[in-house]
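Worksheet: one structure, shown below.
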Amino acid sequence: MTTISTQPIAGQKPGTSGLRKKTPVFMGPHYLENFVQAIFDVVGAQGKTFVLGGDGRYFNDRAAQVILRMAAANGAARVIIGQGAILSTPAASHLIRLNRTDGGIIMSASHNPGGPTEDFGVKFNMPNGGPAPEAVTEAMYKRTTEISEYHIVESQDVNLSVIGRSQLGDMIVDVVDPVADYALLMESLFDFPAIAAMFKGGFRMRMDSMCAVTGPYAVEILEKRLGAAPGTCINATPLPDFGGMHPDPNPTWAKALMDEMFSANAPDFGAASDGDGDRNMVVGAGIYVSPSDSLAVLAANAHLAPGYKAGLKGVARSMPTSAAVDRVAVSLGIASYETPTGWKFFGNLLDAGRATICGEESFGTGSDHVREKDGLWAILLWLNILAVRQQSVAAILAEHWAKFGRNYYSRHDFEAIASDKADAMIAGLRAKLPNLPGEAVEGLYVQAADDFAYADPVDGSISKAQGVRILFEDGSRIVLRLSGTGTEGATLRLYLERYAEGPDGLDLDPQDALAPVIRAAHALAGIEGYIGRVTPDVIT
Ligand code: VG1
Ligand code: CO
């Protein structure tokens, strides 16, 4: 064991989901090592078992060897690692739980692009399989500011290409199939024979893994186990630079899939997932499903899948996610929770059995089967629902809106803004909040305005300043917050929502339906004045 002296490196503060930086920063002297040592210093490694894996992006393989050596030097008893250092985030969460380990380290910058000049990331998940809560990530950050040494063993690389057990110093390394246990879990939740029969009957699907981690999972589950036609899965080989794609499954970045789904010969169902496999986008033939609507439809129909036939204990959504799922919860007579952005806030609700299904507007949905959002899980639940209901995606959405009304919803992202300008804009808006109620903007009357704070109902922890929200008398809503996953400047996320009860007006283009809300948002926040832009970079 070697102890190397080091110095604190500024800025190792985890954001919404782990520490993310440009790859060259992560590859810089002691950068990865300092952060990993801070993790072990906070959670303790002596005698413990951890899971390790990543989404296969550039530096994944090198970083895995460093983390293994450091785990051994810090006294860990055993590390379970996916073959080739690959694990999707939900598969890692599952392995942490299945093997009753002491947590895991996931190497990913998720939906951020990968490659030598793009992004890399590291996050720690707790023994429950979920992302470390704020108190823990804060302690890790604090540790990085005072670190003076790290421990590492000197050794050759561990062979991660072959499944099996080996030894690194006193530590056991178990290289496991990244897909097998996860696929079994999916089989235990969903009616695979019914989905297979649907494919056999000619149902066509396109699954775009965006050259990221879900490729091997999708091929095994959809093509091999469920019998979807060979070639159903595209971009299914994980590449270090994601083939130059931006592995964020939304209509902008998964454009090829969108084009196919809106073409004359569109498949019945389309789906895509992100870099680390925890996000999903689903699309029907000729119809896009907004993530907030997807969450609501999944909650309303989950009982059709074997794993959820007993019904749901409750549902939870992040604050900026539309209230569509709340309406489903009311009709099911179950609780609904509103949390800050980021999956770490769902962990306590899931552990306490208060919520079964959770979701975010950012293409993330999941359940208590793991403690992360899970892209393929959502896709399989959709397939199970389609197999049982024998209806198109469009028909299912239309029936859903007819029953519950429609929460028109959109998110506008303004990327790579100078941080000082973004901060000034949010500060300006915060200062205005107390005076907004009662004001009229673009024909909308402000009912309430605040900066969202969350009191965790399970452990009582408080999280403040989680997004500015402006609620209007007609139920429309604007939310503004700055992204916590970016690595360059600031990204403003503007979330827009408007409810239509129906029966008329359920078929509008969301951007048209939301037009007055969008105008009100620009007027209230003065976006153009602060950042000089009116047109967002990405609309979802
Ligand atoms: C974004 C999303 C958030 C999600 C997070 C991590 O965070 O808005 O809903 O939980 O990414 O997702 P932010 O702070 O940039 O808005 V992933 O797939 O990157 O692990
Ligand atoms: Co992700």
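With the sequence shown counted from 1, adding 65 to any position gets you my numbering.
Glycine residues also receive a C-beta, built at the ideal position from the N, C-alpha and C atoms.
Self-check item: the ligand CO heavy atom lying under 8 Å from the CB of residue 343
Solution: yes
Quiz item: Since residue 381 is in the alpha helix (DSSP H), which residue starts that stretch and which ends it?
Solution: No alpha helix (DSSP H) contains residue 381, which is instead part of the beta strand (DSSP E) from 379–383.
Quiz item: Cβ-heavy atom distance between residue 454 and the ligand VG1 below 8 Å?
Solution: no
Quiz item: Counting pairs of Cβ atoms below 8 Å between the region 71–88 and the region 172–191, do you hit three or more?
Solution: yes
Quiz item: Is there at least one non-hydrogen atom of the ligand CO closer than 8 Å to the beta-carbon of residue 16?
Solution: The structure shown does not extend to residue 16, since the chain is modelled only from 66 to 605, so the question has no answer here.
Quiz item: Curious, which full-length beta strand (DSSP E) runs of at least 3 residues does the region 382–447 contain?
Solution: 400–404, 422–425 and 429–432
Quiz item: Cβ-heavy atom distance between residue 154 and the ligand CO below 8 Å?
Solution: yes
Practice problem: Would you grab the beta carbon distance between residue 431 and residue 442 for me? Rounded to a whole angstrom, and I think it's under 8 Å. | Solution: 6 Å
Practice problem: Quick one: grab the DSSP three-state call for residue 196. | Solution: strand
Quiz item: Hey, is residue 82 close to the ligand VG1, as in C-beta under 8 Å from one of its heavy atoms?
Solution: yes
Quiz prompt | Cβ-based burial, residue 568 [other Cβ within 10 Å; buried from 16] | solution = exposed
Exercise. Look at residue 473 and residue 421 and say whether their C-beta atoms are less than 9 Å apart.
Key: no
Quiz prompt | Where the alpha helix (DSSP H) containing residue 162 begins and where it ends | solution = 154–163
Practice problem: Pull up the DSSP beta-bridge partners for residue 86, would you. | Solution: 185
Self-check item: Stretch-stretch touch, CB-based, cutoff 8 Å, three pairs: the region 374–382 with the region 460–468
Solution: no
Quiz item: Taking 8 Å as the cut-off, does the CB of residue 548 come closer than this to any heavy atom belonging to the ligand VG1?
Solution: yes
Practice problem: Find out if the Cβ-Cβ distance for the pair residue 277, residue 333 is shorter than 9 Å. | Solution: no
Self-check item: Through-space distance from residue 587 to residue 210, alpha-carbon basis
Solution: 39 Å
Quiz item: With burial defined as no fewer than 16 other Cβ atoms inside 10 Å of the residue's Cβ, what is the status of residue 200: buried or exposed?
Solution: exposed
Quiz item: Any chance the region 220–233 sits against the region 96–114, with 3 or more Cβ pairs inside 8 Å?
Solution: no
Exercise. List the DSSP bridge partners of residue 231.
Key: 238
Quiz item: Closest to residue 410 by CA distance: which of 70, 140, 437 and 428 is it?
Solution: 437
Quiz prompt | Beta-carbon separation (whole angstroms), residue 69 vs residue 217, contact threshold 8 Å | solution = 6 Å
Practice problem: Going by CA-CA distance only, name the one from 390, 370, 570 and 191 that's closest to residue 258. | Solution: 370
Practice problem: Would you kindly work out how many angstroms separate the C-alpha atoms of residue 261 and residue 453, rounded to a whole number? | Solution: 12 Å
Self-check item: Reference residue 214; option with closest CA among 71, 565 and 471
Solution: 71
Quiz prompt | residue 333, DSSP secondary structure in three states | solution = coil
Quiz item: With C-beta atoms as the reference, is residue 241 less than 9 Å away from residue 228?
Solution: yes
Quiz item: When every heavy atom of the ligand CO is checked, does at least one fall within less than 8 Å of the C-beta of residue 311?
Solution: no
Exercise. Would you kindly report the start and end of the unbroken beta strand (DSSP E) that includes residue 481?
Key: 471–482
Quiz item: Based on the DSSP output, what are the partners of residue 368 in its beta bridges?
Solution: DSSP, once it has assigned bridges, lists no residue as partnering residue 368.
Exercise. With DSSP as the reference, label residue 212 as helix, strand or coil.
Key: coil
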